[in-house]
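Protein sequences appear in the order of chains A and B. Numbering-wise, the numbering used here comes out as the position in the first sequence, counting from 1, plus 179. Numbering-wise, the numbering used here comes out as the position in the second sequence, counting from 1, plus 79. Backbone N, C-alpha and C fix where the C-beta goes; we use that ideal spot for every residue, glycine too.
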Amino acid sequence: MLTINISELLLTILSFFVLMFLLNKLLFKPVISFRAQRQKRVEGCHEQERQAEEKLAETRRELDERRALSLKEAENILVQGRTQAQAEADRTTRQAHAEAESTMRRAEEEARSLREAGGKAIEEKRRQLAQSLADRLCR
Amino acid sequence: MELWNSFVDFMTSGWNFFFALVNFAILAFFLVKFGKKIAVNTIEGNRQKISRELDEAKAAEENAKHITETLVDMDAENRSQCRDILEQARESSLRSAERSAQLSCAHAESIDREARQDALSLRQQTMVEMRDENTEALLKDAGELLKGEHYAQRRSAMPEHFIEQLEETLELTDSDRAKLRWGEKLRAKLSSPETLDGELIQRLEALLSRETEGRFSLETELDPSLIGGLRLRLEDTVYDGSLKFMLQRVGEELEEDESPEGDLSEYFQNRFSVASTRPGCFQTGVVESLADGICRINGLSDVMAGEMVRFDNGLQGMVMDIEKNSVSAVLLGNYEEIHEGAQVRRTSKVMEVPVGEELIGRVVDGLGRPVDGRGPLRTTQTRPVESPAPTIIARKHVSVPLHTGIKAIDALVPIGRGQRELIIGDRKTGKTSIAVDTIINQKGKDVVCIYVAIGQKESTVAGIVAKLRELGAMDYCIVVSAKASDPAPMLYIAPYTGAAMGEYLMYKGRHVLIVYDDLSRHAVAYRELSLLLHRPPGREAYPGDVFYLHSRLLERAACLNEENGGGSMTALPIVETQAGDISAYIPTNVISITDGQIFLEEGLFNSGVRPAINAGLSVSRVGGDAQPKAMKQFASRLRMDLAQHRELESFSQFGSDLDKATRDALNRGRKLTELLKQKRFDPRTVAQEVVAIFAANEGYMDDLETEQVSEFERRLTDYAYEKAPELCRDIDEGRKLDQEQIQELRSLIEEFKGDFRA
Chain A
180 MLTINISELL LTILSFFVLM FLLNKLLFKP VISFRAQRQK RVEGCHEQER
230 QAEEKLAETR RELDERRALS LKEAENILVQ GRTQAQAEAD RTTRQAHAEA
280 ESTMRRAEEE ARSLREAGGK AIEEKRRQLA QSLADRLCR
Chain B
80 MELWNSFVDF MTSGWNFFFA LVNFAILAFF LVKFGKKIAV NTIEGNRQKI
130 SRELDEAKAA EENAKHITET LVDMDAENRS QCRDILEQAR ESSLRSAERS
180 AQLSCAHAES IDREARQDAL SLRQQTMVEM RDENTEALLK DAGELLKGEH
230 YAQRRSAMPE HFIEQLEETL ELTDSDRAKL RWGEKLRAKL SSPETLDGEL
280 IQRLEALLSR ETEGRFSLET ELDPSLIGGL RLRLEDTVYD GSLKFMLQRV
330 GEELEEDESP EGDLSEYFQN RFSVASTRPG CFQTGVVESL ADGICRINGL
380 SDVMAGEMVR FDNGLQGMVM DIEKNSVSAV LLGNYEEIHE GAQVRRTSKV
430 MEVPVGEELI GRVVDGLGRP VDGRGPLRTT QTRPVESPAP TIIARKHVSV
480 PLHTGIKAID ALVPIGRGQR ELIIGDRKTG KTSIAVDTII NQKGKDVVCI
530 YVAIGQKEST VAGIVAKLRE LGAMDYCIVV SAKASDPAPM LYIAPYTGAA
580 MGEYLMYKGR HVLIVYDDLS RHAVAYRELS LLLHRPPGRE AYPGDVFYLH
630 SRLLERAACL NEENGGGSMT ALPIVETQAG DISAYIPTNV ISITDGQIFL
680 EEGLFNSGVR PAINAGLSVS RVGGDAQPKA MKQFASRLRM DLAQHRELES
730 FSQFGSDLDK ATRDALNRGR KLTELLKQKR FDPRTVAQEV VAIFAANEGY
780 MDDLETEQVS EFERRLTDYA YEKAPELCRD IDEGRKLDQE QIQELRSLIE
830 EFKGDFRA
């Protein structure tokens, strides 16, 4: 007759638990721990990469900003240089015009005095010059 | 203990053990049969997954490490770049400031030079005015003195002295000898202020008899206005030893001296002390009729064609026609004071104009007289306005480019030094602008430019001169202006005057660019002269020799070989067409004389294409050999693309459903047309032109908006000069680009385009 052998059942249950205990102690725990560590390491690496990429992007942004600032500063330098050069050129041209005007004023003055002095001198020597020409032509 | 015993019993019982083994074997069999593959796959999958994860993790770790390292480098590189940008900006700013300072210094120097020149001119002008004011009075005083008793004795000795000088100088002219050969008598007339001694008359008759073999008739007359001395007229030749003539000659000589220097009384004294007392010998004629600036003269028997004649009031004329009994001359100036019977004197010189480096920076009229109010010209050199063109032996092939700075011309119709390139088009199509831009671009290239304005409005010429002066181009430029209100002879002579000035410099080894603006008006002026001279009219009423009129002018442009100085004269004649008709008489003539033409189209001009050059009808027959090598490499493609565009454009108007190739060609053509547009007074260097054309040829402009082309071109050419100065220098110096340089140019444009888009 088919019966349940209590003692055998108990023995089997006991051996199962002993086996489970031993497996848990010697196999499952180290394996789970190893897997967890591995997972952690992998995640750590990925996290490290993500952080590095974030930092890279941030650095790129910063560098771009710095470059843009430099370009802006360069443009300012160029604009400032151009403005200064233009101002300097204008000043030189103004100065040249002023000097030219002064030269012309002096020349006009000189021409006036030349006309006065020359006219007077010719008037004084007119007779003498006419005489000299007449003498020359009628040698 | 009991349990243990039962277990031992169970195990030791043979059947139980056997069944256990059978059970195990069955279980093992099923497990191996159905579960092994799944288990192995699962394990293998897990292994691979783990391995991948580990690899990825390792790669991520390495990447992170690499990124960290890169960050440092990037930072350092960025810092270096920023430093470089600032450094370059500072350098560029410094260079720009230096360039600007140089330009402003040059401008200031130019202003100063002009002011000094003006001051000097003012002084000279004052001296000339004072001299002229006093000359008349002095001559009058001298004349009065000479009439006085004080000089009576010396006056009475003058006739004998005159006869003695006449014995040495009297010589029959060719026309006199001809008359004698024909058996005619020569008419002589002796004028004296007082009654002459019979012995003197006999001496004179003996002299004349000896010269004419007795075939003469002598008439005497009293002329108190002569003051002293004698005047003998033998047919048309006058031997004038009178005091009146000598005084007049002194006055003329003084008038010819355009720059009296020093103290005026000393000047007069010096000039009077060297005044000539020799009798003057000249041929004369008498004005028979005068109409519209053309004078018919009786006399002047031995006059030469093209000789200058001088009228009583100092006006000059030029002999145009020599007929059997009269001579026709054109009057070069205001002829209102000339009357019938007025005396005309030969000068024995063909028409000459002042030439020389001293003319540079000046504005002169058709006779080379200054009209810019800057005092007299300080040159003593003259040159006949008409002279033969250089011979074939003296010339060499046109091989050096004359860079105009206009993209369309330099790429499509290049001009070489010594070439004659016609600029032709309707009125207001930008003909003069092209010529003026070309002149402006010659700055610093050792080319002297001559702008001949023929029949232009004074305001137009003044505007051009002001612009040239403003841009510093007058430092190497001469302007010959025959304005619209001048008589036709002045318009006729002006281009020859300009050519003579250019020719002088060319034979001195200089390079000259001469612009004739324009030859249609010149032809019209010549037609006017010819009709007034009663020459038979031909087609469009132009005289028969109108082709020769221009061919002899334009043939004088040449490129001389080294033995002849190596100079050159490039001519840019301008011709105006009516309603775009280039088959009219004058345009076809000039087209056939020149080495090519730049045809400007009104339609293009009005649609905003400026310069409005029609690339199809424009051609340069010799300029291709003189084109810079780099330009030549890329310009042929440009010409083909433009031609293709022209064809497709007219075709595409019939329909909008076009294939991609046609659309691309049209797009390329539009970009090229836009690229060839250029503002006035904005000349480009060869490198700027080549870089822009190369970029367009390679399709770098195809994806741009049409409006962006000009901005792209401007920034690209600046970029090229900044980033590849050596490459640009090579192009500017006319070197051919090798594959490496072309690749460099290509990457430069790509790099720029990235920035341009950003």
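Contacts with chain A (Cβ-Cβ distance below 7 Å) from the segment 343 to 377 of chain B involve Leu343, Ser344, Phe347, Gln348, Phe351, Ser352, Ala354, Thr356, listed in chain order. Taking Lys264/B as reference, the option from Thr274/B, Leu275/B, Glu298/B with the minimal CA-CA separation is Glu298/B.
As the crow flies, the alpha-carbon of Leu269/B is around 30 Å from that of Ala384/B. Beta-bridge annotation (DSSP): Gln820/B is not paired with any residue. When Arg240/A, Phe207/A, Glu228/A are compared, the shortest CA-CA separation from Ile146/B is found for Glu228/A. Secondary structure at Thr649/B: strand, using DSSP grouped into helix, strand and coil.
Leu316/A places its beta carbon less than 7 Å from that of Thr356/B. At a cut-off of 7 Å, the C-beta of Ser212/A has no neighbouring C-beta in chain B. Excluding sequence positions up to five before and after Ile653/B, its CB lies within less than 6 Å of the CB of Ile502, Lys510, Asp596, Asp597, all in the same chain and listed in chain order. Within the segment 296 to 330 of chain B, the residues whose Cβ lies closer than 8 Å to some Cβ of chain A are Gly307, Leu322, Met325, Leu326, Val329, listed in chain order.
Contact between Gly702/B and Met648/B is absent: CB atoms are separated by about 15 Å, not below the 8 Å threshold. By the neighbour-count criterion, in which a residue is buried when 16 or more other Cβ atoms sit within 10 angstroms of its Cβ, Leu308/A is buried. DSSP assignment within the segment 599 to 679 of chain B yields the following whole beta strand (DSSP E) runs of 3 residues or more, N-terminal first: 647 to 655, 675 to 679. Using a Cβ distance threshold of 7 Å, Pro666/B and Val409/B do not count as a contacting pair.
Residue pairing for Lys268/B: DSSP places it in a beta bridge opposite Glu298/B, Arg312/B.
Counting only the Cα atoms, Cys360/B lies some 11 Å from Asp315/B. Cβ contact annotation for Lys475/B (same chain, cutoff 6 Å, sequence separation greater than five): Cys638, Asn640, in chain order. Shown here for Arg425/B: same chain residues with a beta carbon closer than 7 Å to its own, the five before and five after excluded, namely Phe361, Gln362, Leu379, Val382, Glu386, Val388 in chain order. Cβ neighbours of Leu333/B within its own chain (closer than 7 Å, five residues either side excluded): Arg210, Thr214, Arg350.
Listed along chain B, the residues sitting closer than 8 Å to Val221/A by beta-carbon distance are Glu132, Leu133, Glu135, Ala136.
For Met199/A, none of the residues of chain B pass the 7 Å Cβ criterion, the least Cβ distance being about 19 Å. With respect to the 7 Å criterion, Leu311/B and Tyr318/B are classified as neighbours on the basis of their beta carbons. Going by DSSP, Phe108/B is part of the alpha helix (DSSP H) stretching over 93 to 109.
Per DSSP, reduced to three states, the secondary structure at Phe831/B is helical.
If you check each beta-carbon in the segment 287 to 299 of chain A against every beta-carbon of chain B, the ones closer than 8 Å belong to Glu287, Glu289, Ala290, Leu293, Arg294, Gly297, Gly298.
Any Cβ of chain A closer than 7 Å to the Cβ of Ser512/B would place that residue at the interface, and such an atom is absent. The alpha carbon of Asn668/B has as its nearest neighbour, out of Phe626/B, Ser344/B, Ala709/B, Ala799/B, the alpha carbon of Phe626/B. Every beta strand (DSSP E) stretch that sits fully inside the segment 366 to 432 of chain B and reaches 3 residues is listed by chain position as 373 to 378, 386 to 390, 395 to 401, 406 to 410, 422 to 429.
When secondary structure is reduced to three states using DSSP, Cys556/B falls in the strand class. In the three-state DSSP reduction, Gly364/B falls in the strand class (E or B). When beta bridges are read from the DSSP output, Gly495/B appears opposite Pro480/B. The alpha-carbon separation between Pro493/B and Arg716/B amounts to approximately 15 Å. Within the DSSP bridge table, the entry for Asp319/B names Arg310/B, Gly359/B as partners. No Cβ-Cβ contact shorter than 7 Å links Cys807/B with Tyr798/B.
Take Leu411/B, set aside five residues on each side of it, and the residues of its chain with a beta-carbon closer than 8 Å to its own are Leu394, Gln395, Gly396, Met397, Gly445, Leu446, Pro566, Pro568, Met569, Ile572, in chain order. Residue pairing of Arg462/B in beta bridges, as defined by DSSP: Val432/B.
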